[in-house]
Amino acid sequence: MFAKALILSSVALLVSAVNYDVNVGGLNGENPILKFNPEFVNGVVGDTVTFHFQQKNHSVVETSFNSVCSPLRDPTTYQPVFQTPFHPVANTDTEFPTEVYTIQDASKPLWFYCSQKLHCGKGMIFSINCPASGANSLDNFRAAALAIGAQEAAASSSAAAWSSTATPDVYGTQTYAPIYAPTVTQTVTFAESTWTTTYQSYANSPDPTPIAAEGVTHTITVGGNNGLTYDPPSIQANVRDTVKFVFAAKNHTVTQSSFNQPCRKLSLTNPDQTAFDSGFIPGAADGSASFSIKVNDTKPIWAYCRQGNHCGSGMVFSINADESSERSFAAFQALARTINGTAAGAPSATPTGNAAFASASLFGGVATVVLAGFASVAAVLL
């Protein structure tokens, strides 16, 4: 009898669950629609929301009311709680991809946005169970997103005015638009701490707010089965994150360089700037040979292997490259293959680096470098 009642109860729950269909994007004639339709629904635990991705290229990312346009992260894994991939849809398409969100907590409002560049700032937001009025209403959530959009528009206007008079950069036979990276001052709040940081703001660079007290660790395989590569070759990292390079085979380095001179040490081309260099580290199959750096800047970081012709063969690496710009990782790698800078010097037994390093050591095949901090963001680590 108990089993029968349990089955009936489960059936009742399944029957009572409701699905809400929400269109993401679309077209109004030839003009893109940067909206969720509807912009909110009210549901209970077990209900689902099916997002139908229409024309253009959109995503759905869960956020919080106080951090609009930034992903809500799991406090343990620091990964986004809910984040769909981008779904590009052509104007002529009539079949639309879908993603399903299941409501697991109906005790509070849930907030979402499209993470396509500038879309959130234009008000492309969505909510589940938002109040009709009050401080955390949908209107106030939208207003916060639009305020971010206004800041983005102002920055874009300043960049356009600057670029109209700036001189293009020429590297080898390649010509690139000049970089607009204004110095900004921002108040950062993380957990119970608040501080002010001044840094160069590069387009599409990460926010200077850490996502975890000690950051997260990104592991990069150097060499290994894929040959002359860093795997993965390019990552996005936040302030306080650690990047751990594990030397798997042969004899390689990870040496900081610059976009315009990918195969030359940054310490040679810009001696006033902090730079890292692992030195030559023979690979170890057991993963014991490693070298780590702490990310303390939001601007793109470029690196290469200075062994022989490795850099000229495309063995380069980047952190926080702007993949939507001319200075993407692919462009950096292509430039390395084209001009190949200077070759490596003689191998050394220990890592080397600029005097601005707080420490650089090699014990049992494991090297760790903690950067003292680029001048532009030294306050971040306080």
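Read left to right, the sequence shown gives residues -17 to -1, 1 to 365 (mature numbering (1 follows the signal peptide of the UniProt record, and there is no 0)). The beta carbon of each residue, even a glycine, is placed where N, CA and C say it ideally should be.
Please go through the same chain and pick out, in chain order, the residues whose beta-carbon is closer than 6 Å to the beta-carbon of residue i, but skip the five residues on each side of it.
| i | result |
| --- | --- |
| Y3 | V24 and V32 |
| K39 | G8 and P15 |
| K233 | G206 and G266 |
| F69 | N40 and S42 |
| H235 | V205, G206, C288 and Q290 |
| L312 | Checking the sequence shown, residue 312 turns out to be Phe, not Leu. Excluding positions up to five away in sequence, the list reads S217, S301 and A304. |
| V1 | D30 |
| E45 | L55, V64, F65 and F95 |
| N6 | N20, H35 and Q37 |
| T67 | S42, V43 and E82 |
| T177 | none |
| A195 | Y61 |
Note the first and the last residue of the continuous beta strand (DSSP E) segment covering residue i.
| i | result |
| --- | --- |
| residue 368 | Since the displayed the chain opens at -17 and closes at 365, residue 368 lies outside it and no answer follows. |
| A286 | I284 to Y287 |
| L249 | L249 -> not in any beta strand (DSSP E); alpha helix (DSSP H) instead, spanning L249 to T252. |
| F34 | T31 to F36 |
| L318 | Where L318 is concerned, there is no enclosing beta strand (DSSP E), although the alpha helix (DSSP H) it sits in stretches over F312 to I322. |
| Q239 | T238 to S240 |
| T225 | T225 to F230 |
| F109 | I108 to I111 |
| I276 | S273 to K277 |
| F263 | Looking at the DSSP string, F263 is not in any beta strand (DSSP E), and its letter there is neither H nor E. |
| V7 | N2 to V7 |
| L211 | Where L211 is concerned, there is no enclosing beta strand (DSSP E), given that its DSSP letter is neither H nor E. |
| L17 | No beta strand (DSSP E) contains L17, which DSSP labels as neither H nor E. |
| L93 | L93 to Y96 |
Taking residue i as the reference, which of the options has the closest Cα?
| i | options | result |
| --- | --- | --- |
| L93 | T200, N11, F79 and S120 | S120 |
| F228 | S311, P215 and V222 | P215 |
| V299 | K282, T281 and T321 | T321 |
| H41 | V27, S47, Q62 and P15 | P15 |
| P58 | Q290, N123, V199 and Q316 | V199 |
| P114 | E22, P283, D305 and F312 | E22 |
| G29 | I218, Q66 and T85 | T85 |
| N243 | A314, E306 and G207 | A314 |
| A267 | D224, I218 and A231 | A231 |
| V83 | Q134, V43 and Q290 | V43 |
| F36 | A73, V27 and T46 | A73 |
| N303 | I218, T225, S296 and A319 | I218 |
| Q62 | A272, P254, K18 and A220 | A220 |
| F274 | T75, C294, P54 and I203 | I203 |
| residue 427 | K91, K18 and T81 | Lying before the first or after the last residue shown, residue 427 is absent from the chain, which here runs from -17 to 365. |
| D260 | A272, I276 and T46 | I276 |
| N112 | Q66, Q87 and T252 | Q87 |
| A319 | S308, S307 and S296 | S296 |
| F79 | S308, L10, C294 and A195 | L10 |
| V27 | A272, A89, T252 and P254 | A89 |
| G210 | C294, A136, A272 and T238 | C294 |
| A272 | V237, T281 and N253 | V237 |
For residue i, which residues in the same chain have their Cβ closer than 7 Å to its Cβ, ignoring the five residues on either side in sequence?
| i | result |
| --- | --- |
| N337 | Note on N337: pLDDT 32, under 50, position unreliable in the model; the coordinate value appears next. Excluding residues within five positions, the ones whose Cβ falls inside 7 Å are S250, T257 and A258. |
| S240 | C246, R247, K248, L249, W285, A286 and Y287 |
| R125 | G106 and I108 |
| P71 | N40 |
| T212 | M298 |
| S47 | L55 and W94 |
Here's a check: name, in chain order, each residue in its chain whose Cβ is nearer than 8 Å to the Cβ of residue i, leaving out the five neighbours to either side.
| i | result |
| --- | --- |
| A329 | Unreliable positioning characterises A329 in this predicted model, as indicated by a pLDDT of 33, which lies under 50. The coordinate reading is nonetheless provided below. Closer than 8 Å at Cβ, skipping near neighbours: no residue. |
| P283 | Y185, S188, F242, S301, I302, N303, A304, D305 and R310 |
| S(-2) | G29 |
| V51 | W94, Y96, C103, I108, F124, A127, A128 and I131 |
| H201 | I218, A220, D224, T225, V226 and K227 |
| T81 | T33, F34, H35 and F36 |
| K91 | N112 |
| A12 | Note on residue identity: the sequence assigns Gly, not Ala, to residue 12. Nothing meets the Cβ criterion. |
Taking the alpha helix (DSSP H) that residue i belongs to, which residues open and close that run?
| i | result |
| --- | --- |
| I86 | No alpha helix (DSSP H) contains I86, which DSSP labels as neither H nor E. |
| I203 | Run containing I203: none in the alpha helix (DSSP H); it sits in the beta strand (DSSP E), T200 to V205. |
Using a Cβ-Cβ cut-off of 8 Å, state whether residue i counts as contacting chain C.
| i | result |
| --- | --- |
| N25 | Of the chains in the structure shown, none is chain C; there is only one protein chain. |
Would the beta-carbon of residue i be found less than 7 Å away from any heavy atom of the ligand NAD?
| i | result |
| --- | --- |
| F69 | Judged by which ligands are present, the structure shown has none, so any question about the ligand NAD falls away. |
Quiz item: Are the region 96 to 107 and the region 126 to 136 in contact at 8 Å, needing three or more beta carbon pairs?
Solution: Yes, since at least three Cβ pairs between the region 96 to 107 and the region 126 to 136 fall closer than 8 Å, the two stretches touch.
Quiz item: Can you list, in chain order, the stretches of the beta strand (DSSP E) that have 3 or more residues and sit fully within the region 39 to 71?
Solution: Fully enclosed beta strand (DSSP E) runs of 3 or longer: 39 to 41 and 44 to 46.
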